[in-house]
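So the structure is just underneath, and the comments pick up after that.
There are 2 protein chains.
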Amino acid sequence: MTVPSSSRITGPVRVVGAGLLGASVGLGLRARGVDVLLDDASPAHLSLAVDYGAGRPDDGSVEPQLIVVAVPPDLVARVVLAELAAHPDAVVTDVASVKMAPLAELQAAGADLTRYIGSHPLAGRERGGPISARADLFIGRPWVVCGRPGTDRASISLLESLILDLGASPVEMATDDHDAAVALVSHTPQIVASLMARRLSGSTDAALGLAGQGLRDVTRIAASEPELWVQILGANAPAVVEILHAYRDDLDRVLAALGDVDASGARRALAEELAGGNLGVSRLPGKHGQDRRYSPIVVLVDDRPGELGRLFTELGEIGVNLEDLRLEHSPGAQVGLAEIAVLPEHLQRTIEELSARGWRIAG
Amino acid sequence: MTVPSSSRITGPVRVVGAGLLGASVGLGLRARGVDVLLDDASPAHLSLAVDYGAGRPDDGSVEPQLIVVAVPPDLVARVVLAELAAHPDAVVTDVASVKMAPLAELQAAGADLTRYIGSHPLAGRERGGPISARADLFIGRPWVVCGRPGTDRASISLLESLILDLGASPVEMATDDHDAAVALVSHTPQIVASLMARRLSGSTDAALGLAGQGLRDVTRIAASEPELWVQILGANAPAVVEILHAYRDDLDRVLAALGDVDASGARRALAEELAGGNLGVSRLPGKHGQDRRYSPIVVLVDDRPGELGRLFTELGEIGVNLEDLRLEHSPGAQVGLAEIAVLPEHLQRTIEELSARGWRIAG
Chain A
1203 MTVPSSSRIT GPVRVVGAGL LGASVGLGLR ARGVDVLLDD ASPAHLSLAV
1253 DYGAGRPDDG SVEPQLIVVA VPPDLVARVV LAELAAHPDA VVTDVASVKM
1303 APLAELQAAG ADLTRYIGSH PLAGRERGGP ISARADLFIG RPWVVCGRPG
1353 TDRASISLLE SLILDLGASP VEMATDDHDA AVALVSHTPQ IVASLMARRL
1403 SGSTDAALGL AGQGLRDVTR IAASEPELWV QILGANAPAV VEILHAYRDD
1453 LDRVLAALGD VDASGARRAL AEELAGGNLG VSRLPGKHGQ DRRYSPIVVL
1503 VDDRPGELGR LFTELGEIGV NLEDLRLEHS PGAQVGLAEI AVLPEHLQRT
1553 IEELSARGWR IAG
Chain B
1203 MTVPSSSRIT GPVRVVGAGL LGASVGLGLR ARGVDVLLDD ASPAHLSLAV
1253 DYGAGRPDDG SVEPQLIVVA VPPDLVARVV LAELAAHPDA VVTDVASVKM
1303 APLAELQAAG ADLTRYIGSH PLAGRERGGP ISARADLFIG RPWVVCGRPG
1353 TDRASISLLE SLILDLGASP VEMATDDHDA AVALVSHTPQ IVASLMARRL
1403 SGSTDAALGL AGQGLRDVTR IAASEPELWV QILGANAPAV VEILHAYRDD
1453 LDRVLAALGD VDASGARRAL AEELAGGNLG VSRLPGKHGQ DRRYSPIVVL
1503 VDDRPGELGR LFTELGEIGV NLEDLRLEHS PGAQVGLAEI AVLPEHLQRT
1553 IEELSARGWR IAG
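Each protein sequence line maps, in turn, to chains A and B.
For reference, each letter of the first sequence is one residue, going 1203 to 1565 in my numbering.
For reference, each letter of the second sequence is one residue, going 1203 to 1565 in my numbering.
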């Protein structure tokens, strides 16, 4: 755990828009000693972000090496155009969650796009604004870089250096592939969750009192800001509509089956929809983005200080790395379940060594 | 954390069906010293549950005071009928997640229902079977009791004693209200999640590599067993269909708006759907069974053997017990985030001691 002693980029980096993402970029760069020049249309946002240590107000006295445009999706093209014009030597990127629409707008405006590269960090929080900003917001997260034919390689390298300095992983992807991907993994889930949550509005407290973790998980992201999401969905509408149509076709099949569950084939149709869900969720990658699956082991852990520490110390002694971990603990219980995941080739040895050391393995 | 010294019910309690719920009822009652008589159509399930300490095989030598029927929804009515006939002095309950359909079946069969009370503990896990059973499965969870006009008050009290002995909270609810409530908080979310997960099947690994916690949360319950869910959904179809129709109406409004986002009113329609989701999710009550909240701390952990062990060992040295833990790790990252939860009164000291030992605390 070494504290970073230097940055890959030399700076200064100009950050336009001091909300959650912009201020987090600023905080992360400042932690590495990079000079960050902040700008925001809102003086209140700007001074808050400066107070938080995300950079200093840009007084125009130095020219930035790289500009990060972190404004709402609807404003991206306009601001990028202005930045390209005002800073003729700087590389400009934006961090909006849609990439086709701003690019089309920039192309329509006849902008010289050799110095512009759209990008998108897959990071965020339900709460927005500079006060939610974190220097570590991007650590370990993918950050998509949408190079195009003719994009200057040195500009891409500079952007990748920024991404690496912030602890994220650069992922190259074509602009249209990016928008199709986020339509699936982010935009459609947002709609699905919001519409489910909307059904709760008219319900009774007694019914909602029966809610468990399942409903909470399904609807958690429904707490997101409508204003921002109208912009995102509006800017990626065709890709989202395509997925939503397929979703509605499945929904209609479920409705037809539930409308007459005793009809021939109805239960089978339901089972197929549910099994399709099993298959889909199993495709979500675990850590490391690898295709191989990890083997779970459930260990019983007494509920007292140091027990988990002993477990993980001994796993370290055995020489096994944890690929994933989940602790389950119920209020009032004397024992918890630590579900650990190891590489399949380590499974047998891990179980044997843990058992030999007196750990109780469940299931 | 006192060990219960006695139970409210005297027993014996007969449990029919030694799966997750039945075996958990057995374990919970055995922990209070209640005599539990187990039965299961599968000898393998039965002996496994006995080995786990969930009770003893019912040899018919003693008469039960109370019978808990914990079989799949499709079998409930048939088994309840048989139990009422075989044990003329016992109160009989079942724990299935739908209550109207079995009751209708029992009434159609002309059963004497004065000794039968349908009930439903809102507890479960993604994995079923006796090996997933836990004595603490019901602690802090609501357990719905569906009394009917004419139900014997003493029978209800006996059932409530069982529920309290298992650490759950009895909630009286009319049978139809129960089924409408679970259609909303459990059955519809299952469909919504499964259909979203189904969309992932045909996607590329590159797209799925961008998935974040939002998609994971929305689709987590899509891993549930199709066989069980076909039974549940089939038995509660009318209530689920009503909600799904309203859901589809909203979905159609979203599709219409996204089909022409620049049309007059389109963005407003989108915003209203999303704001409706905000409102709905805000109505969900806080966590069940926990009167105090825990304070989260996010610690950065290098991805190598022994690092988590070192963290937990040092937490043990500090003398702090973990109340909850969640590990977050992104594809390709060299560092993970361990979100640990401690009692609020330990928060400040834990942060100070961990920082002093060189751990990086995020946020």
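Note that beta-carbon positions come from the ideal geometry of N, C-alpha and C, so glycine has one too.
Quiz prompt | Assigned exposure category for His1447 of chain B - 16 Cβ within 10 Å defines buried | solution = Looking up residue 1447 of chain B in the second sequence gives position 245. Classification for His1447 of chain B: exposed.
Quiz item: Do we get a CB-CB distance below 8 Å when we pair Ser1208 of chain B with the residues of chain A?
Solution: On the second sequence, position 6 is the one that residue 1208 of chain B refers to. It does not: the Cβ of Ser1208 of chain B has no partner Cβ on chain A nearer than 8 Å.
Exercise. Please report the residue range of the beta strand (DSSP E) in which Asp1241 of chain A lies.
Key: Here residue 1241 of chain A refers to the residue found at position 39 of the first sequence. Boundaries of the beta strand (DSSP E) around Asp1241 of chain A: 1238-1241.
Exercise. Indicate whether Ile1459 of chain A and Leu1476 of chain A have their beta-carbon atoms separated by less than 8 Å.
Key: Within the first sequence, residue 1459 of chain A is the residue found at index 257, counting from 1. Within the first sequence, residue 1476 of chain A is the residue found at index 274, counting from 1. The amino acid at residue 1459 of chain A is misidentified as Ile; the sequence shows Ala. In this structure, Leu1476 of chain A does not lie closer than 8 Å to Ala1459 of chain A by Cβ.
Exercise. Take the Cβ of Val1264 of chain B as the centre, count every other Cβ of all protein chains shown within 10 Å, and call the residue buried at 16 or more, exposed below.
Key: For the purposes of this step, residue 1264 of chain B is taken as the residue at position 62 of the second sequence. Burial call: exposed.
Practice problem: Using beta-carbon positions only, say whether Gly1538 of chain B and Gly1342 of chain A come within less than 8 Å of one another. | Solution: Taking the first residue of the second sequence as 1, we reach residue 1538 of chain B at position 336. Taking the first residue of the first sequence as 1, we reach residue 1342 of chain A at position 140. Yes; because the gap between Cβ atoms is below 8 Å, this pair is in contact.
Quiz item: In the structure shown, what three-state DSSP assignment does Pro1351 of chain A receive?
Solution: To locate residue 1351 of chain A, count along the first sequence from 1; it is residue 149. DSSP places Pro1351 of chain A in coil when its eight states are reduced to three.
Self-check item: Same chain only: Cβ atoms within 7 Å of Ala1468 of chain A, ignoring 5 sequence neighbours per side
Solution: Residue numbering aside, residue 1468 of chain A sits at position 266 when the first sequence is read from its first letter. Cβ neighbours of Ala1468 of chain A within its own chain (closer than 7 Å, five residues either side excluded): Ala1459, Asp1462.
Quiz item: Does DSSP classify Pro1487 of chain A as helix, strand or coil?
Solution: Counting from 1 along the first sequence, the entry for residue 1487 of chain A is found at position 285. DSSP, read as helix, strand or coil, puts Pro1487 of chain A in coil.
Quiz item: When the Cα atoms are used, what is the spatial distance from Val1297 of chain B to Ala1325 of chain B?
Solution: Here residue 1297 of chain B refers to the residue found at position 95 when the second sequence is read from its first residue. Here residue 1325 of chain B refers to the residue found at position 123 when the second sequence is read from its first residue. Distance between the alpha carbons of Val1297 of chain B and Ala1325 of chain B: 10 Å.
Quiz item: Is the shortest distance between the beta-carbon of Ser1249 of chain A and the beta-carbons of chain B less than 8 Å?
Solution: The residue you call residue 1249 of chain A lines up with position 47 of the first sequence. No - not a single Cβ of chain B is within 8 Å of the one on Ser1249 of chain A.
Quiz item: How long is the line joining the alpha carbons of Gly1534 of chain A and Ala1246 of chain A, rounded to whole angstroms?
Solution: Residue mapping note: residue 1534 of chain A aligns to position 332 of the first sequence, counting from 1. Residue mapping note: residue 1246 of chain A aligns to position 44 of the first sequence, counting from 1. Residue placement at Gly1534 of chain A is poorly supported in this model, since its pLDDT is 44, which falls under 50; the coordinates are not used for a value here.
Quiz prompt | In chain order, each alpha helix (DSSP H) run of at least 4 residues that lies wholly inside the region 1387-1459 of chain A | solution = 1390-1400, 1407-1410, 1415-1421, 1428-1437, all fully within the region 1387-1459 of chain A.
Quiz item: How long is the line joining the alpha carbons of Thr1552 of chain A and Leu1513 of chain A, rounded to whole angstroms?
Solution: Here residue 1552 of chain A is taken as the residue at index 350 of the first sequence, counted from 1. Here residue 1513 of chain A is taken as the residue at index 311 of the first sequence, counted from 1. Our two residues, Thr1552 of chain A and Leu1513 of chain A, have alpha carbons roughly 11 Å apart in a direct line.
Quiz item: How is Thr1552 of chain A classed by DSSP in three states: helix, strand or coil?
Solution: For the purposes of this step, residue 1552 of chain A is taken as the residue at position 350 of the first sequence. In the three-state scheme derived from DSSP, where H, G and I count as helix and E and B as strand, Thr1552 of chain A is classed as helix.
Quiz item: What's the gap between the Cα of His1490 of chain B and the Cα of Arg1232 of chain B?
Solution: For the purposes of this step, residue 1490 of chain B is identified with residue 288 of the second sequence, where counting begins at 1. For the purposes of this step, residue 1232 of chain B is identified with residue 30 of the second sequence, where counting begins at 1. Annotation note: pLDDT 32 at His1490 of chain B (below 50); position unreliable, coordinate value reported separately. Those two C-alpha atoms are separated by around 24 Å.
Practice problem: Specify, as a first and last residue, the run of the alpha helix (DSSP H) that Arg1194 of chain A falls within. | Solution: Any answer about residue 1194 of chain A is impossible in this case: the structure gives chain A only from 1203 up to 1565.
Self-check item: Cβ-based burial, Asp1451 of chain A [other Cβ within 10 Å; buried from 16]
Solution: Counting from 1 along the first sequence, the entry for residue 1451 of chain A is found at position 249. Note on Asp1451 of chain A: under 16 other CB atoms within 10 angstroms of its CB, so exposed under the neighbour-count rule.
Quiz item: If you measure from the beta carbon of Tyr1318 of chain B to each beta carbon in chain A, is any gap under 8 Å?
Solution: For the purposes of this step, residue 1318 of chain B is taken as residue 116 along the second sequence, with counting starting at 1. Chain A contact via Cβ: absent.
Practice problem: Decide yes or no for the touch test of the region 1398-1414 of chain A against the region 1382-1390 of chain B: beta carbon pairs closer than 8 Å, at least 3 of them. | Solution: As far as the Cβ criterion goes, the region 1398-1414 of chain A touches the region 1382-1390 of chain B, which means the pair count is three or higher.
Quiz item: With a cut-off of 8 Å, does the C-beta of Tyr1254 of chain A fall near any C-beta of chain B?
Solution: Position 52 of the first sequence, counting from 1, holds the residue named residue 1254 of chain A. No - not a single Cβ of chain B is within 8 Å of the one on Tyr1254 of chain A.
Practice problem: Examine the Cβ distances between the region 1367-1375 of chain B and the region 1344-1355 of chain B and report whether three or more of them are shorter than 8 Å. | Solution: Taking 8 Å as the limit for Cβ pairs, the verdict is that the region 1344-1355 of chain B does touch the region 1367-1375 of chain B.
Quiz item: If we ignore side chains and look at the alpha-carbon of each, how far apart do Gly1312 of chain B and Gly1352 of chain B end up?
Solution: If you number the second sequence from 1, residue 1312 of chain B lands on position 110. If you number the second sequence from 1, residue 1352 of chain B lands on position 150. For Gly1312 of chain B and Gly1352 of chain B, the distance between alpha carbons rounds to 15 Å.
Quiz item: Is there contact here, the region 1280-1287 of chain B with the region 1434-1447 of chain B, by at least three beta-carbon pairs under 8 Å?
Solution: Using a Cβ-Cβ distance cut-off of 8 Å, the region 1280-1287 of chain B and the region 1434-1447 of chain B are not in contact, since fewer than three pairs of beta carbons, one from each stretch, lie closer than that value.
Self-check item: Terminal residues of the beta strand (DSSP E) in which Asp1296 of chain A lies
Solution: Along the first sequence, read from residue 1 onward, the residue named residue 1296 of chain A stands at position 94. Per DSSP, Asp1296 of chain A belongs to the beta strand (DSSP E) from 1293-1296.
Quiz item: Within 10 angstroms of its Cβ, does Thr1212 of chain A collect 16 or more other Cβ (buried), or is it exposed?
Solution: Within the first sequence, the letter at position 10 stands for residue 1212 of chain A. Exposed, because fewer than 16 other Cβ atoms sit within 10 Å of the Cβ of Thr1212 of chain A.
Quiz item: Mapping DSSP to helix, strand and coil, what is Ile1211 of chain B?
Solution: Within the second sequence, residue 1211 of chain B is the residue found at index 9, counting from 1. If DSSP states are grouped into helix, strand and coil, Ile1211 of chain B belongs with coil.
Self-check item: Where Asp1504 of chain A falls, given that 16 or more other Cβ within 10 Å makes a residue buried
Solution: To locate residue 1504 of chain A, count along the first sequence from 1; it is residue 302. It counts as exposed.
Practice problem: Could you tell me if Ala1243 of chain A is buried or exposed, where buried requires 16 or more neighbouring beta carbons within 10 angstroms of its beta carbon? | Solution: Indexing the first sequence from 1 puts residue 1243 of chain A at position 41. Per the 10 Å Cβ criterion, exposed.
Quiz item: Tell me which same chain residues have a C-beta within less than 8 Å of the C-beta of Gly1373 of chain B, skipping the five on either side of it?
Solution: For the purposes of this step, residue 1373 of chain B is taken as the residue at position 171 of the second sequence. The question names Gly, but residue 1373 of chain B is Val in the sequence shown. Within the same chain, Cβ atoms closer than 8 Å to the Cβ of Val1373 of chain B are found at Pro1344, Trp1345, Val1346, Val1347, the five residues on either side in sequence being excluded.
Self-check item: Burial state of Gln1573 of chain A (16 or more Cβ within 10 Å)
Solution: The shown model of chain A, from 1203 to 1565, leaves out residue 1573 of chain A, and the question about it has no answer.
Self-check item: Element boundaries [beta strand (DSSP E), containing Pro1245 of chain B]
Solution: Sequence index remark: in the second sequence, residue 1245 of chain B carries index 43 (1-based). In this chain, Pro1245 of chain B is not harboured by any beta strand (DSSP E); it is covered by the alpha helix (DSSP H) spanning 1245-1253.
Quiz item: Hey, Ala1395 of chain B and Gly1479 of chain A: beta-carbon distance below 8 Å or not?
Solution: Translated into positions along the second sequence, residue 1395 of chain B becomes position 193. Translated into positions along the first sequence, residue 1479 of chain A becomes position 277. Gly1479 of chain A is positioned such that its CB atom lies closer than 8 Å to that of Ala1395 of chain B.
Quiz item: At least one CB of chain A closer than 8 Å to the CB of Asp1452 of chain B: is that the case?
Solution: If you number the second sequence from 1, residue 1452 of chain B lands on position 250. Chain A, which has a Cβ nearer than 8 Å to the Cβ of Asp1452 of chain B, makes this yes.
Quiz item: Between which two residues does the alpha helix (DSSP H) harbouring Leu1229 of chain A extend?
Solution: Taking the first sequence and counting its residues from 1, the one referred to as residue 1229 of chain A is at position 27. Element bounds for Leu1229 of chain A: 1222-1232.
Quiz item: Can you find a CB in chain A that lies within less than 8 Å of the CB of Leu1222 of chain B?
Solution: By one-based count along the second sequence, residue 1222 of chain B stands at place 20. It does not; no Cβ of chain A falls within 8 Å.
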